[in-house]
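For reference, each letter of the sequence shown is one residue, going 305 to 839 in this note's numbering. Just below is one structure, and these are the notes that go with it.
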Amino acid sequence: MTDLSPTATKSAGPPPITEKNSPPADTARKLPWHILLLLGLVGTALSAAWSWNPSLWGDEAASIMSAQRSWDSLGRMLTTVDAVHGLYYSFLHLWIDVFGASPFSVRFPSALGIGAGTVGVAILGNRLARPSVGVLAAAVFMILPRSTFNGSEARQYAFITALVVWLTIYVISLVAKRETRFWPWAGFTALFALSCVLFIYTALFSVVFGAIILLMRPGRAMVLRAASAIAVGGILAIPVVYISFTERAQVAFLHSRWGYNLKNVFISPWFIDQRLAALCWGIIVIGLAIGIATLLRARTGASVNENVLELYRPAAAGLPTLLTVAGLSLVTPSVLLALGNTQTPMYSPRYLSFTSTAIALLIGLGIATISRAIRQRWVAVLLAAAIVAAATPAYLTQRGDFSKNGGTDWNAVSATLSDQASPGDAVIFDQFTRNARKPRLAKYLYPEGFEGLIDVGLKTPHQETDGLWDTVYSRADTIERLNDVPTVWLILTDERYSDDVAKRDAYIPALEDAGYTVVDEITINRTIIYKLTRG
Numbered sequence: 305m306t307d308l309s310p311t312a313t314k315s316a317g318p319p320p321i322t323e324k325n326s327p328p329a330d331t332a333r334k335l336p337w338h339i340l341l342l343l344g345l346v347g348t349a350l351s352a353a354w355s356w357n358p359s360l361w362g363d364e365a366a367s368i369m370s371a372q373r374s375w376d377s378l379g380r381m382l383t384t385v386d387a388v389h390g391l392y393y394s395f396l397h398l399w400i401d402v403f404g405a406s407p408f409s410v411r412f413p414s415a416l417g418i419g420a421g422t423v424g425v426a427i428l429g430n431r432l433a434r435p436s437v438g439v440l441a442a443a444v445f446m447i448l449p450r451s452t453f454n455g456s457e458a459r460q461y462a463f464i465t466a467l468v469v470w471l472t473i474y475v476i477s478l479v480a481k482r483e484t485r486f487w488p489w490a491g492f493t494a495l496f497a498l499s500c501v502l503f504i505y506t507a508l509f510s511v512v513f514g515a516i517i518l519l520m521r522p523g524r525a526m527v528l529r530a531a532s533a534i535a536v537g538g539i540l541a542i543p544v545v546y547i548s549f550t551e552r553a554q555v556a557f558l559h560s561r562w563g564y565n566l567k568n569v570f571i572s573p574w575f576i577d578q579r580l581a582a583l584c585w586g587i588i589v590i591g592l593a594i595g596i597a598t599l600l601r602a603r604t605g606a607s608v609n610e611n612v613l614e615l616y617r618p619a620a621a622g623l624p625t626l627l628t629v630a631g632l633s634l635v636t637p638s639v640l641l642a643l644g645n646t647q648t649p650m651y652s653p654r655y656l657s658f659t660s661t662a663i664a665l666l667i668g669l670g671i672a673t674i675s676r677a678i679r680q681r682w683v684a685v686l687l688a689a690a691i692v693a694a695a696t697p698a699y700l701t702q703r704g705d706f707s708k709n710g711g712t713d714w715n716a717v718s719a720t721l722s723d724q725a726s727p728g729d730a731v732i733f734d735q736f737t738r739n740a741r742k743p744r745l746a747k748y749l750y751p752e753g754f755e756g757l758i759d760v761g762l763k764t765p766h767q768e769t770d771g772l773w774d775t776v777y778s779r780a781d782t783i784e785r786l787n788d789v790p791t792v793w794l795i796l797t798d799e800r801y802s803d804d805v806a807k808r809d810a811y812i813p814a815l816e817d818a819g820y821t822v823v824d825e826i827t828i829n830r831t832i833i834y835k836l837t838r839g
């Protein structure tokens, strides 16, 4: 923690930060590199720890199955579906070629993304406020349930979160230095375009960056230079954005599944747990109330706590305040996404997870403000500890055996078949649940349990189609294709997750009509395995 000693002054009000009374932006105090490295390592380790334990689930199946296609097959698929994830799938293809497709391997890059985001939060908080704010915000960010979820999942959201905070640091640095050289701005343009291709909603930050730049008042020439860099970055991403728009029907379900209610707007994007959300929002609101009141009192010339006031004033000439940057980064994408959702389905709470760095910075700012207002350093430690305690139950739940997507248990399904099934046995998968929950995905994510088994329902493997998934035979045709195989393993999804319970329940009577008898039933979590023999 830095200087928390009480300091109160009474004057005509604090003068604004100018070139004459503030150090230049490039001399702002820096956190030692070993502190940044430690924060990054802890953030990575926290997300990576026990990430291999929960079963891989449907969205991760899309990532892994797509990444394991040939390049030609992947290219064909992206013209019909999931263009928004194409860059990530391409990266994962290369990663799997080197490190394999185990749960830990495919999830570890996301943990690295959270580590990079943690360092970015520390740097941004330090540069725009004080080192203590940067460290507090980084600690909060790494423990947020959304961070530890994204950091243990084979999707691109952890990468995007890190890229957003580093893009923010990048553009602020360029503008603060009044950078005029071509290549630094070209680098920003390329990184922004890459981010938009990796996740098209990153384009929403063009508005955030524009607002930050305008508030920094760097002059018309610099504003035009920055606007051009942002615009070109967006233009370079247009082909992927266009293809993604044509594929928007694949997320049409978002209209019915997610709505703009209090939970989905204020809790699910970052906190998941209601108690943690209440604690963090309380810290933000109280901290802002103290900070804004201090600013208003200072303008009237009243006595104020200078240690609080300095958190809400530019840390150096040419820099914006942390409140401005974090506030714009949090509110602007949320509002724009809400407006867009009125026209086409585009909202899911995790789509806002790339604002996790902003919410963490506001929490860190709130903790520092409250601590300085009370003039007790231990308050900051207490509040940080309370957040860790409140986040721990969610963290432990995320590392549970069946924590993904309401209880996915495909690792246990594979292990069960590995122990009990024999080569030459047939396997039939429930077809009557949505794609992300279909148990046939287990054979691609955990193939060891299905080696030697006959998938009688498979019509065309996914890698030979232009879509994400296998094409399969009807239930009747699947059973007809058994050709008197002696043993059949029927894998059904629990009726709570079935799209058509009647059709699901018709599997066993149809198999009995074909001469099979149920000899064993194994319930795992949300999957039920039946062993049937002929005769």
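Where a beta carbon is used, it is the ideal one built from N, C-alpha and C, also for glycine. Keep in mind it's a predicted model, so treat the numbers as computed, not measured.
Does residue i come out as helix, strand or coil in the three-state DSSP assignment?
i: Thr636; result: helix
i: Thr775; result: strand
i: Leu836; result: strand
i: Val536; result: helix
i: Glu364; result: helix
i: Lys567; result: helix
i: Leu335; result: coil
i: Gly819; result: coil
i: Asp759; result: strand
i: Asn357; result: coil
i: Val612; result: helix
i: Ile504; result: helix
i: Glu825; result: strand
i: Leu794; result: strand
i: Ile576; result: coil
i: Thr625; result: coil
i: Ala606; result: coil
i: Val789; result: coil
i: Ala433; result: coil
Going by Cα to Cα distance, which pick from the options is closest to residue i?
i: Gly344; options: Leu416, Val388 and Trp361; result: Leu416
i: Leu762; options: Leu592, Leu749, Asp734 and Tyr750; result: Asp734
i: Lys747; options: Ser355, Thr383 and Ala365; result: Ala365
i: Ala780; options: Leu772, Asp804, Pro813 and Gly622; result: Pro813
i: Leu721; options: Thr827, Ile473 and Ala433; result: Thr827
i: Tyr723; options: Leu342, Leu757, Asp363 and Leu391; result: The residue asked about is misnamed: residue 723 is Asp in this sequence, not Tyr. Comparing Cα positions, the closest option is Leu757.
i: Cys584; options: Ile663, Leu518 and Phe549; result: Ile663
i: Lys742; options: Val589, Thr384, Asp798 and Ile678; result: Asp798
i: Ile587; options: Ala730, Val388, Pro765 and Ala441; result: Ala441
i: Ile732; options: Gly771, Arg808, Gln767 and Arg800; result: Arg808
i: Leu537; options: Gln372, Glu755, Gln702 and Phe509; result: Looking at the sequence provided, one finds Gly at residue 537 rather than Leu. Checking every option, the nearest Cα to that of Gly537 belongs to Phe509.
i: Gly771; options: Asp386, Leu341 and Pro336; result: Asp386
i: Ile833; options: Gly591, Ala695 and Ile795; result: Ile795
i: Tyr750; options: Trp356, Leu342 and Leu341; result: Trp356
i: Lys336; options: Ile368, Ala677 and Ile427; result: Reading off the sequence, residue 336 comes out as Pro, not Lys. Answer by Cα proximity: Ile427.
Only counting the same chain, and skipping five residues up and downstream in sequence, which positions put a Cβ closer than 7 Å to that of residue i?
i: Ala466; result: Gly417, Ala420, Gly421 and Gly424
i: Ile571; result: Gln578 and Ala581
Identify, in the order they occur along the chain, each residue of the same chain with its Cβ nearer than 6 Å to the Cβ of residue i, setting aside the five sequence neighbours on each side.
i: Leu350; result: Met446
i: Trp470; result: Gly424
i: Arg450; result: Trp574, Ser657 and Ser660
i: Met520; result: Val479 and Pro624
i: Asp824; result: Lys835
i: Leu382; result: Gly390
i: Asn829; result: Phe706, Gly711 and Asp713
i: Phe463; result: Gly417
Less than 8 Å separating the Cβ of residue i from some heavy atom of the ligand GTP?
i: Val501; result: In terms of ligand content, the structure shown is empty, and the ligand GTP therefore cannot be addressed.
Just the Cα atoms here: how many angstroms apart are residue i and residue j?
i: Ala716; j: Gly710; result: 15 Å
i: Tyr655; j: Ala620; result: 33 Å
i: Ser726; j: Ala507; result: 51 Å
i: Thr452; j: Val512; result: 25 Å
i: Gly347; j: Thr712; result: 26 Å
i: Ser718; j: Gly753; result: 4 Å
i: Ala250; j: Ile539; result: No answer is possible for residue 250: it lies beyond the span of the chain, which begins at 305 and ends at 839.
i: Thr598; j: Val612; result: 7 Å
i: Val683; j: Ile671; result: 8 Å
i: Ala593; j: Tyr699; result: 30 Å
i: Gly631; j: Val776; result: 49 Å
i: Thr493; j: Gly704; result: 41 Å
Ignore the nearest five residues each way along the sequence and tell me which others in residue i's own chain have a CB closer than 8 Å to its CB.
i: Ala352; result: Phe408, Arg411, Phe412, Ala415, Gly455 and Ser456
Any chance the region 612-631 sits against the region 401-411, with 3 or more Cβ pairs inside 8 Å? Judged by pairs of C-beta atoms under 8 Å, the region 612-631 does not touch the region 401-411, as fewer than three such pairs exist.
If contact is defined by three or more beta carbon pairs under 8 Å, each pair taking one atom from either stretch, is the region 477-497 in contact with the region 435-446? No: fewer than three Cβ pairs fall under 8 Å.
Using 8 Å as the threshold, is the region 666-676 in touch with the region 638-647, meaning 3 or more CB pairs across them? Put simply, the region 666-676 does not touch the region 638-647. Fewer than three CB pairs are less than 8 Å apart.
So does the region 536-550 actually touch the region 487-504, counting three or more Cβ pairs closer than 8 Å? For the pair of segments examined, the region 536-550 was found to touch the region 487-504: the number of CB pairs separated by less than 8 Å reaches three.
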